[in-house]
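Accompanying notes for the structure given below.
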Amino acid sequence: MRPNFYQILAACILVTCTLSAYSQESEKLHQRANAAMCANCHGSEGRTVEKSAVPALAGLPREYFIQQMQAYKDGSRKATVMHQISKGFSDAQIASMADYFSLQSR
Amino acid sequence: MQRRHLLQHGLALGLTPAFLAQSVFAQNTAEKAQVIVIGGGYGGATAAKYIRLLSGYKISVVLIEPQTDFISCPMSNLVLGGSKNLAEITTPYAALSSQHGVTLVHDYATAVDTQKKTVALKNGSTLSYDKLIVSPGVDMNFDTIEGLQAANASGQILQAWKAGAETTALRQQLQAMPDGGVFAITVPEAPYKCPPGPYERASQVAHYFKQAKPKSKVLILDANPDVTSKGPLFKKFWSDNYKDMIEFRPNHKVVAVDAKTNTLKFDAQDSVRANVLNVLPDMRAGAIAMQTGLATVNARWCGINYQTFESLAAKDVHVLGDAILAAPAMPKSGHMANSHAKVAAAAVVAQLSGLEVNPAPFLTNTCYSYVSDNMVIHVASVHQFNVDEKTYKTVPGSGGVSAEANALEATYAWNWAQNIWADSLL
Numbered sequence: 141m142r143p144n145f146y147q148i149l150a151a152c153i154l155v156t157c158t159l160s161a162y163s164q165e166s167e168k169l170h171q172r173a174n175a176a177m178c179a180n181c182h183g184s185e186g187r188t189v190e191k192s193a194v195p196a197l198a199g200l201p202r203e204y205f206i207q208q209m210q211a212y213k214d215g216s217r218k219a220t221v222m223h224q225i226s227k228g229f230s231d232a233q234i235a236s237m238a239d240y241f242s243l244q245s246r
Numbered sequence: 163m164q165r166r167h168l169l170q171h172g173l174a175l176g177l178t179p180a181f182l183a184q185s186v187f188a189q190n191t192a193e194k195a196q197v198i199v200i201g202g203g204y205g206g207a208t209a210a211k212y213i214r215l216l217s218g219y220k221i222s223v224v225l226i227e228p229q230t231d232f233i234s235c236p237m238s239n240l241v242l243g244g245s246k247n248l249a250e251i252t253t254p255y256a257a258l259s260s261q262h263g264v265t266l267v268h269d270y271a272t273a274v275d276t277q278k279k280t281v282a283l284k285n286g287s288t289l290s291y292d293k294l295i296v297s298p299g300v301d302m303n304f305d306t307i308e309g310l311q312a313a314n315a316s317g318q319i320l321q322a323w324k325a326g327a328e329t330t331a332l333r334q335q336l337q338a339m340p341d342g343g344v345f346a347i348t349v350p351e352a353p354y355k356c357p358p359g360p361y362e363r364a365s366q367v368a369h370y371f372k373q374a375k376p377k378s379k380v381l382i383l384d385a386n387p388d389v390t391s392k393g394p395l396f397k398k399f400w401s402d403n404y405k406d407m408i409e410f411r412p413n414h415k416v417v418a419v420d421a422k423t424n425t426l427k428f429d430a431q432d433s434v435r436a437n438v439l440n441v442l443p444d445m446r447a448g449a450i451a452m453q454t455g456l457a458t459v460n461a462r463w464c465g466i467n468y469q470t471f472e473s474l475a476a477k478d479v480h481v482l483g484d485a486i487l488a489a490p491a492m493p494k495s496g497h498m499a500n501s502h503a504k505v506a507a508a509a510v511v512a513q514l515s516g517l518e519v520n521p522a523p524f525l526t527n528t529c530y531s532y533v534s535d536n537m538v539i540h541v542a543s544v545h546q547f548n549v550d551e552k553t554y555k556t557v558p559g560s561g562g563v564s565a566e567a568n569a570l571e572a573t574y575a576w577n578w579a580q581n582i583w584a585d586s587l588l
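Here the protein sequences line up with chains W and Z, keeping their order.
Sequential numbering from 141 applies to the first sequence in the working numbering.
Sequential numbering from 163 applies to the second sequence in the working numbering.
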């Protein structure tokens, strides 16, 4: 039996939605794994151990995170390490980290 | 089976219940999937934890690690210098099980069958995997230096490059040495595990001598033409603080040791006799990687697909940490192994869940060296995956070293340790 137009349309919609859901899920995974590159110093999910001199990133407002990373990049905020690390990230990567950590509970 | 193939298959059949069932196939696969991690260092422990985290605790993970406690190599030189003890750099593995549901198997992996996808344990049992992560670290190639194997086995000439019993034993040798004695450390040709480690160790021993045995000397006998990492920073601190104590001799490749007279023999230079010898031989990927045929590069390091850390020699086997053939400018460090582990964990979770593998992963590295008990220097780098060249490259203008040794970074270094131990193990 050949599928009729509506069956093909419905199949296409379902496939598109499924693929889109998968692509979103993939992106979420990549974002979380990329943000984990900060965790070695700033704690898993941006939550540090108690009394850490290295600040926690979890819950930092998105705009603040981006602003500080740009300040490290352009040298207006002094640092021991972050002025060197921040220059390794693209603006898109910084924005993605900012999104991620802004949604983590402290 | 790939997700896309399933979808094409489902579409060809039309809108059948089978298709709808298949749309949850990947998720079910992830729930039933079994990952085995061999080796609980910075790489393996982190991979075990992050596969659990990134899969929403769906994928089962077994960590095979003979020890019940993790003893950190980073910071272990402070035990030699006397400002920390072994307990302060030790973290139990137990939280990986209690907090993250990782199954801990305290045993040795003795063989891997990459066809049957099984790992044999020393206790005689066999475990099956869907994905295997091999993170064995390095082994010392004692055979490259005549007489070293026996001298190490007897406890006379130590490496203490894997923190633990040898760290304590080397500290005891230093304490027993008379004032006016000589401590000699030999550095193998790069690449080796922890590029700045030998120079940090020399600094720590000098720090201890300065307080306890001020007439003593530290000799660094280096197979390389110069200090391998943070050279100008180390040399500046040495000349300012340990001027008549530390002596650096480049191009000294050890070929033999004489345990009877505590003497080092070199390929070209005069022999050196010292009270305490710390001999670091050439290193290579850990034994389980070697015997599984994963060390595809010079029969020494494991070649991998840098995007996923999957072995070039065996399907569904991922290798990470010090055992891999490092990409350009990538050090063999604990921090780097922790970073590898997260890229590998995400790739394994993606593949087992039918998701896409990260097209553009990146890695960070920060490595602190204590030049005294409270002064520190660092080197930092960011490594972005280059799609065209299929390797990692450092970003021009990024990364770098400390301007000079400073006390603020000693605070950050100790905090780095606390946070990375928690990130890897808690």
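We put the beta carbon where it would ideally sit given N, CA and C, even for glycine.
What's the C-alpha gap between residue i and residue j?
{"i": "Q184 (chain Z)", "j": "S515 (chain Z)", "result": "Because Q184 (chain Z) carries a pLDDT of 44, less than 50, the predicted location of this residue cannot be relied on, and the following value inherits that uncertainty. Spanning the two alpha carbons is a distance of roughly 12 Å."}
{"i": "H262 (chain Z)", "j": "H545 (chain Z)", "result": "29 Å"}
{"i": "F371 (chain Z)", "j": "V389 (chain Z)", "result": "21 Å"}
{"i": "A173 (chain W)", "j": "N520 (chain Z)", "result": "9 Å"}
{"i": "K415 (chain Z)", "j": "T425 (chain Z)", "result": "13 Å"}
{"i": "I221 (chain Z)", "j": "I198 (chain Z)", "result": "11 Å"}
{"i": "I226 (chain Z)", "j": "K355 (chain Z)", "result": "22 Å"}
{"i": "A451 (chain Z)", "j": "L266 (chain Z)", "result": "20 Å"}
{"i": "I319 (chain Z)", "j": "V441 (chain Z)", "result": "7 Å"}
{"i": "C464 (chain Z)", "j": "A327 (chain Z)", "result": "28 Å"}
{"i": "A271 (chain Z)", "j": "Q224 (chain W)", "result": "40 Å"}
{"i": "V481 (chain Z)", "j": "A256 (chain Z)", "result": "24 Å"}
{"i": "V563 (chain Z)", "j": "A461 (chain Z)", "result": "33 Å"}
{"i": "Q469 (chain Z)", "j": "A364 (chain Z)", "result": "37 Å"}
Less than 8 Å between the beta carbons of residue i and residue j, yes or no?
{"i": "Y291 (chain Z)", "j": "V300 (chain Z)", "result": "no"}
{"i": "A213 (chain Z)", "j": "L395 (chain Z)", "result": "The identity of residue 213 (chain Z) in the sequence shown is Ile, whereas the question assumes Ala. Going by C-beta atoms, I213 (chain Z) is not nearer than 8 Å to L395 (chain Z)."}
{"i": "L381 (chain Z)", "j": "R411 (chain Z)", "result": "yes"}
{"i": "D484 (chain Z)", "j": "L294 (chain Z)", "result": "no"}
{"i": "W578 (chain Z)", "j": "Y530 (chain Z)", "result": "yes"}
{"i": "M445 (chain Z)", "j": "P350 (chain Z)", "result": "yes"}
{"i": "V221 (chain W)", "j": "N581 (chain Z)", "result": "no"}
{"i": "L525 (chain Z)", "j": "M209 (chain W)", "result": "no"}
{"i": "Y574 (chain Z)", "j": "N239 (chain Z)", "result": "no"}
{"i": "S391 (chain Z)", "j": "P357 (chain Z)", "result": "yes"}
{"i": "A436 (chain Z)", "j": "A346 (chain Z)", "result": "yes"}
{"i": "K555 (chain Z)", "j": "P490 (chain Z)", "result": "yes"}
Could you tell me which chain W residues have their CB closer than 7 Å to the CB of residue i, listed as they occur along the chain?
{"i": "V557 (chain Z)", "result": "K227 and G228"}
{"i": "L216 (chain Z)", "result": "L169, R172 and A173"}
{"i": "L525 (chain Z)", "result": "M177"}
Could you give the DSSP three-state label for residue i: helix, strand or coil?
{"i": "Q546 (chain Z)", "result": "strand"}
{"i": "P353 (chain Z)", "result": "coil"}
{"i": "C178 (chain W)", "result": "helix"}
{"i": "K211 (chain Z)", "result": "helix"}
{"i": "V467 (chain Z)", "result": "With the sequence shown as reference, residue 467 (chain Z) is identified as Asn, and Val is not the correct amino acid for it. N467 (chain Z) falls in the strand class under three-state DSSP."}
{"i": "G562 (chain Z)", "result": "strand"}
{"i": "P490 (chain Z)", "result": "coil"}
{"i": "L197 (chain W)", "result": "coil"}
{"i": "H223 (chain W)", "result": "helix"}
{"i": "P254 (chain Z)", "result": "strand"}
{"i": "A327 (chain Z)", "result": "helix"}
{"i": "S401 (chain Z)", "result": "helix"}
{"i": "A183 (chain Z)", "result": "Note that A183 (chain Z) has pLDDT 44, beneath the 50 cutoff, so the model's placement of it is unreliable and the number below is only indicative. Looking at A183 (chain Z) - three-state DSSP - the assignment turns out to be helix."}
{"i": "A499 (chain Z)", "result": "helix"}
{"i": "V510 (chain Z)", "result": "helix"}
{"i": "T573 (chain Z)", "result": "helix"}
{"i": "K379 (chain Z)", "result": "strand"}
Relative to the C-alpha of residue i, which residue among the options is closest?
{"i": "Q344 (chain Z)", "options": "Z:P376, Z:A256 and Z:G359", "result": "The question names Gln, but residue 344 (chain Z) in the sequence shown is Val. Here the closest residue by C-alpha is Z:P376."}
{"i": "N630 (chain Z)", "options": "Z:T454, Z:L570 and Z:P236", "result": "This structure cannot settle anything about residue 630 (chain Z), because the visible part of chain Z is limited to 163 through 588."}
{"i": "A232 (chain W)", "options": "W:R202, W:L243 and W:H223", "result": "W:R202"}
{"i": "A418 (chain Z)", "options": "Z:N568, Z:T272 and Z:T306", "result": "Z:T306"}
{"i": "L243 (chain W)", "options": "W:F145, W:S216, W:P143 and W:A175", "result": "W:A175"}
{"i": "G199 (chain W)", "options": "W:Y212, W:K168, W:M237 and W:K213", "result": "W:M237"}
{"i": "P558 (chain Z)", "options": "W:F241, W:S230, W:A235 and W:E167", "result": "W:S230"}
{"i": "V511 (chain Z)", "options": "W:S216, W:K227, W:L169 and W:A219", "result": "W:L169"}
Whose Cβ in chain Z lies nearer than 9 Å to the Cβ of residue i?
{"i": "A219 (chain W)", "result": "Ordered by position in chain Z, no residue passes the 9 Å Cβ test against A219 (chain W), which lies about 10 Å from the chain."}
Check the Cβ of residue i against every Cβ in chain W and list those closer than 8 Å, keeping chain order.
{"i": "S564 (chain Z)", "result": "T220"}
{"i": "Q546 (chain Z)", "result": "G228"}
Residues of chain Z with a CB under 7 Å from the CB of residue i: which are they?
{"i": "Q224 (chain W)", "result": "A542, S560, G561 and G562"}
{"i": "E165 (chain W)", "result": "L517"}
{"i": "S192 (chain W)", "result": "N577, Q580 and N581"}
Residue i touches chain Z at which residues, Cβ-Cβ below 8 Å?
{"i": "G183 (chain W)", "result": "N581, A584 and D585"}
Could you list which residues in chain W have their beta carbon closer than 9 Å to that of residue i, in chain order?
{"i": "Y574 (chain Z)", "result": "C181, A193, V194, T220 and V221"}
Counting only Cβ-Cβ distances shorter than 8 Å, please list the residues of the region 490-512 of chain Z near chain B, keeping chain order. Any reference to chain B falls outside this structure, whose protein chains are W and Z.
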